[in-house]
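Worksheet for the structure shown next.
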Amino acid sequence: MSALADLKELIQRRAIVRHFVSAELKSGNRDKVLGSLWQLIDPLSFMLVFYVIWSLILGTRGPDFMGYLLSGIITFNFFQDTVIGCSTILRTQVRLIREVYFPKSVLPTAFAVARLYDFAWALGALVLLLVYLLYIQAHMDPDVFMKKITHPLSFGINVIWLPLSIGLLIMFTLGAAYLSAIVGAVFRDTPNILTFTFRIWFYLSPLFYYPEDARHKMRKLWFLIRINPFTHFFRLLRNALIYNEPPTLNGTLYIAALSVITLVVGFVLFAKYESAVIKQL
Amino acid sequence: MRSDWSPLPLEPGIELQDVWLKYRVKYHRPRTLRALIATGAFGALRNGVRDSRAEHPGATKGTTFWALRGINLSAHPGDVVGIVGSNGAGKSTLLQVMARIMKPDRGRAVIRGTIGTLLSFGAGFNPDLTGRENVFLNGSILGLSHAQIRERLNDILDLAEIGDFFDAQVATYSSGMRARLGFAVAVHIDPDVLLIDEAVQVGDAFFQKKAGNVLEQFRGRRKVIAIVTHAPHVVRQYCTRALWIEEGEVRREGSPSEVMAEYLAWSEQRARTSAGATEPTAV
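Chains as they are written, first to last, in numbering that gives the first Met the number 0: chain A, 0 to 280; chain S, 0 to 282.
Structural data, given as structure tokens:
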């Protein structure tokens, strides 16, 4: 009941969210020589490091692997940056919270939207890379193609599933953001625990390996990889954008249910404990 | 509890009914390695537990502290309520309840209309943003639309008197500039209820005069104002009523001159006894 009232208030006062988002973005990139360009450079450089390292360790990978890497990195980074940032957000804004009343759910919401803006830039970088890789692929010698390209890139009609994949990712991230904000306000250890958790989560997500390889080579971890929502978030996004494949039914239903549950539970818990928590910030 | 002499049969802007509010207080007691070695580990632990129990019965790690204990108040448009009391009496907490920042644990707090708050004087400004950007951010938090803020931008700049610094990052402001900008924003959102903590002691004399004028204007426009202050002349000069609270309870409520006379007499008495207690040989 109080969660519904909170939701209504958040929607009524969405103008504040907009202002917080622009404040967050402005203060983040102010006085940087390259400014917002970093939103492109960051994920691309991260991807290139991984590409070079995995090519050295596992032997040369085809250029298609770059698209595979980048699509995973931007998805995971959006989630990780939002959740870790939100774990301290009530505490960093405590002066404002003590100065004036506003719905506290604005803070994690705005932070997530600001990271969504970063995500949009990164997605733009991915599209540019994709165009380049498709061009390389098309002009490759057929023999070399057969040898080097393990998962040919393709762009087509299945891109209509892209909004679904991003929509579910946003819901899941937002729910986790509310949870992280409220838990982080109560337990100061939350950022430390999250950093550790994300380190493990990163390796359990098929970001730089293919799930079918993991199935055979990492049998003991396969169960964890299979229930990891990012396995399915990655697949949904990659199928839509870089492989032109329809979504898998089970995986999509699984993350759809998980996203709805996370969002509802996250917001309800946030609304329930918000007023108790601000006393002890 | 309606004030009978309230000039208009309006609903009260601030209505507090038996408001209680508690905090959890955590104790952080040092346990140094040296102490452990000196007394032996087990002895120190046993003594530590016994000591803290003796000081705070029933609680070794923390305790509940009631900052407000059954406060009643109703303030109508046109009222300027001065809130006085010694340090830690619960004045600021009371303002935070009025601002809806804190929810009472017991009782009811109804605030009608828009609320302007000056509780920490611009401390909530984002230091990475410029003054102008902060005005837009704060204005929107306080309930104004983008267009409304733009309309008032010049008036805000006039009152704040920060000149070109308006477009510099707030991190570069002096505390006085920050306070003036916070004040200018809070009064220009034209709130129905204005809450001020220690308002009139901020800024230089000229600014104090301006702030006083603003208070006069507000009273004329039938707003509800509550001010927490330590300055007796502020209560006498601007307030229509005074509220003296001590240890979270209302000690006395009534006309500013009566309440202030009693409060000041009490403070003086207390200062004298505590001075006597700390320096018994000097008398």
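All residues carry an ideal CB built from backbone N, CA and C; glycine is no exception.
Given 8 Å as the limit, is there contact between the segment 71 to 88 of chain A and the segment 33 to 50 of chain A, that is, 3 or more CB pairs closer than that?
yes
CB-CB length for GLU98 of chain A against LEU141 of chain S, believed under 8 Å:
Along the first sequence, read from residue 1 onward, the residue named residue 98 of chain A stands at position 99. Along the second sequence, read from residue 1 onward, the residue named residue 141 of chain S stands at position 142. Incorrect: roughly 10 Å between the Cβ atoms, too far for contact.
Contact defined as beta carbons within less than 8 Å: I believe ASP127 of chain S pairs with ALA167 of chain S. What is the distance between those atoms, to the nearest angstrom?
Along the second sequence, one-based indexing puts residue 127 of chain S at 128. Along the second sequence, one-based indexing puts residue 167 of chain S at 168. About 11 Å separates the two Cβ atoms, so there is no contact after all.
Local conformation of THR59 of chain A per DSSP, three classes
One-based indexing of the first sequence puts residue 59 of chain A at position 60. Residue state, collapsed to three classes: coil.
Residue of S:ASP157, S:ARG111, S:VAL18 minimising C-alpha distance to ARG131 of chain S
Here residue 131 of chain S refers to the residue found at position 132 of the second sequence. Comparing Cα positions, the closest option is S:ASP157.
So which residues on chain A does PHE135 of chain S lean against when the C-beta distance must stay under 9 Å?
The residue given as residue 135 of chain S occupies position 136 in the second sequence. Those are HIS18, SER21, ALA22, listed as they occur along chain A.
Inside the segment 8 to 95 of chain A only - alpha helix (DSSP H) runs reaching at least 4 residues:
13 to 28, 37 to 57, 63 to 85, 88 to 91
Which residues bound the alpha helix (DSSP H) around ASP214 of chain A?
Numbered from its first residue, the first sequence carries residue 214 of chain A at position 215. The displayed chain sequence assigns Arg, not Asp, to residue 214 of chain A. Unbroken alpha helix (DSSP H) run through ARG214 of chain A: 210 to 216.
Note the first and the last residue of the continuous alpha helix (DSSP H) segment covering LEU193 of chain A.
Counted from its first residue, the first sequence places residue 193 of chain A at position 194. 189 to 202 is the extent of the alpha helix (DSSP H) around LEU193 of chain A.
Name the chain S residues whose beta carbon is nearer than 8 Å to that of TYR100 of chain A?
Position 101 of the first sequence, counting from 1, holds the residue named residue 100 of chain A. Neighbours of TYR100 of chain A on chain S, chain order: ALA98, ARG99, ILE100, ILE114, THR116.
Would ILE83 of chain A and LEU193 of chain A qualify as a contact pair, given that the criterion is a beta-carbon distance under 7 Å?
Counting from one through the first sequence, the residue named residue 83 of chain A turns up at place 84. Counting from one through the first sequence, the residue named residue 193 of chain A turns up at place 194. Against a cut-off of 7 Å, the Cβ pair of LEU193 of chain A and ILE83 of chain A comes out as a contact.
So, is the C-beta of ILE140 of chain S closer than 7 Å to a C-beta in chain A?
Walking along the second sequence from the start, residue 140 of chain S turns up at place 141. It does: the Cβ of ILE140 of chain S has a partner Cβ on chain A nearer than 7 Å.
Leaving out five residues on either side along the sequence, give the residues of the same chain with a beta carbon under 6 Å from the beta carbon of TYR237 of chain S.
Here residue 237 of chain S refers to the residue found at position 238 when the second sequence is read from its first residue. For TYR237 of chain S, where only same-chain residues beyond five positions count, the Cβ hits under 6 Å are VAL79, LEU214.
Candidates A:LEU95, A:SER104, A:LEU257, A:ARG94: which alpha carbon is nearest GLU8 of chain A's?
To locate residue 8 of chain A, count along the first sequence from 1; it is residue 9. Ranking the options by Cα distance to GLU8 of chain A, first place goes to A:SER104.
Identify whether SER73 of chain S lies in helix, strand or coil by the three-state DSSP scheme.
For the purposes of this step, residue 73 of chain S is taken as residue 74 along the second sequence, with counting starting at 1. It is a strand residue.
Check whether LEU180 of chain S and GLY112 of chain S have beta carbons under 7 Å apart
As a first step, residue 180 of chain S must be located in the second sequence, where it is residue number 181. As a first step, residue 112 of chain S must be located in the second sequence, where it is residue number 113. Against a cut-off of 7 Å, the Cβ pair of GLY112 of chain S and LEU180 of chain S comes out as no contact.
Bounding residues of the alpha helix (DSSP H) (the contiguous stretch that carries ALA120 of chain A)
Position 121 of the first sequence, counted from the first residue, corresponds to residue 120 of chain A. According to the sequence as given, residue 120 of chain A is Trp; it is not Ala. From DSSP, the alpha helix (DSSP H) with TRP120 of chain A extends over 105 to 137.
Residue from A:ALA255, A:THR108, A:HIS150 whose Cα sits closest to the Cα of SER287 of chain A
Outside the modelled stretch of chain A, which goes from 0 to 280, sits residue 287 of chain A, for which no answer is possible.
Mind listing which residues of the segment 61 to 74 of chain S have their C-beta closer than 8 Å to chain A's C-betas, in chain order?
none
Of all the options A:ILE260, A:LEU152, A:LYS147, which has the alpha carbon lying nearest to the alpha carbon of LEU178 of chain A?
Taking the first residue of the first sequence as position 1, residue 178 of chain A is located at position 179. Nearest of A:ILE260, A:LEU152, A:LYS147 to LEU178 of chain A, Cα basis: A:ILE260.
Which residues, taken in chain order from the segment 25 to 45 of chain A, show a beta carbon closer than 7 Å to some beta carbon of chain S?
LYS25, SER26, ARG29
If you count every other CB in all the chains shown that lies within 10 Å of the CB of ARG198 of chain A, and 16 or more means buried, which is it?
Counting from 1 along the first sequence, the entry for residue 198 of chain A is found at position 199. ARG198 of chain A should be labelled exposed.
At a CB distance below 9 Å, what residues from the segment 134 to 156 of chain A approach chain S? Give them in sequence order.
none
Under 8 Å (Cβ pairs) to chain S, residues found in the segment 243 to 276 of chain A:
SER274
Are the CB atoms of VAL267 of chain A and ALA184 of chain A within a distance shorter than 7 Å?
In the first sequence, counting from the first residue as 1, residue 184 of chain A sits at position 185. In the first sequence, counting from the first residue as 1, residue 267 of chain A sits at position 268. Not a contact, by the Cβ cut-off of 7 Å.
Hey, could you find the ends of the beta strand (DSSP E) THR116 of chain S is sitting in?
One-based indexing of the second sequence puts residue 116 of chain S at position 117. Run containing THR116 of chain S: 114 to 117, per the beta strand (DSSP E) assignment.
Backbone secondary structure at GLY81 of chain S - three-state DSSP:
On the second sequence, position 82 is the one that residue 81 of chain S refers to. In the structure shown, GLY81 of chain S sits in a strand (DSSP, three-state: E or B).
How about ALA122 of chain S: is its C-beta nearer than 7 Å to some C-beta of chain A?
Residue 122 of chain S sits at position 123 when you count from the first residue of the second sequence. With 7 Å as the cut-off, ALA122 of chain S counts as an interface residue toward chain A.
Residue range of the unbroken beta strand (DSSP E) whose run includes LEU15 of chain S:
Here the question's residue 15 of chain S lines up with position 16 in the second sequence. Segment 13 to 25, the beta strand (DSSP E) holding LEU15 of chain S.
Mind checking GLY219 of chain S: buried by the 16 CB within 10 Å criterion, or exposed?
Along the second sequence, read from residue 1 onward, the residue named residue 219 of chain S stands at position 220. Answer is exposed; the Cβ neighbour count stays below 16.
Beta carbon proximity, SER119 of chain S to chain A, threshold 7 Å
Locating residue 119 of chain S in the second sequence gives position 120, counting from the first residue. Yes, contact with chain A.
is_contact[LEU193 of chain S, chain A] using C-beta, thresh 7 Å:
Locating residue 193 of chain S in the second sequence gives position 194, counting from the first residue. With 7 Å as the cut-off, LEU193 of chain S does not count as an interface residue toward chain A.
According to DSSP, GLN268 of chain S sits in a beta bridge with which residue or residues?
Position 269 of the second sequence, counting from 1, holds the residue named residue 268 of chain S. Answer by DSSP bridge pairing: none, since GLN268 of chain S is not bridged.
Inspect the CB distances between the segment 25 to 41 of chain A and the segment 116 to 129 of chain A and report whether three or more fall short of 8 Å.
yes
Given that a residue counts as buried once 16 or more other Cβ atoms are within 10 Å of its Cβ, and exposed if not, what is LEU262 of chain A?
Along the first sequence, read from residue 1 onward, the residue named residue 262 of chain A stands at position 263. Label assigned to LEU262 of chain A: buried.
Strictly below 8 Å CB to CB, what residues from chain A border GLN95 of chain S?
Position 96 of the second sequence, counted from the start, is the residue given in the question as residue 95 of chain S. The answer, in chain order, is ARG97.
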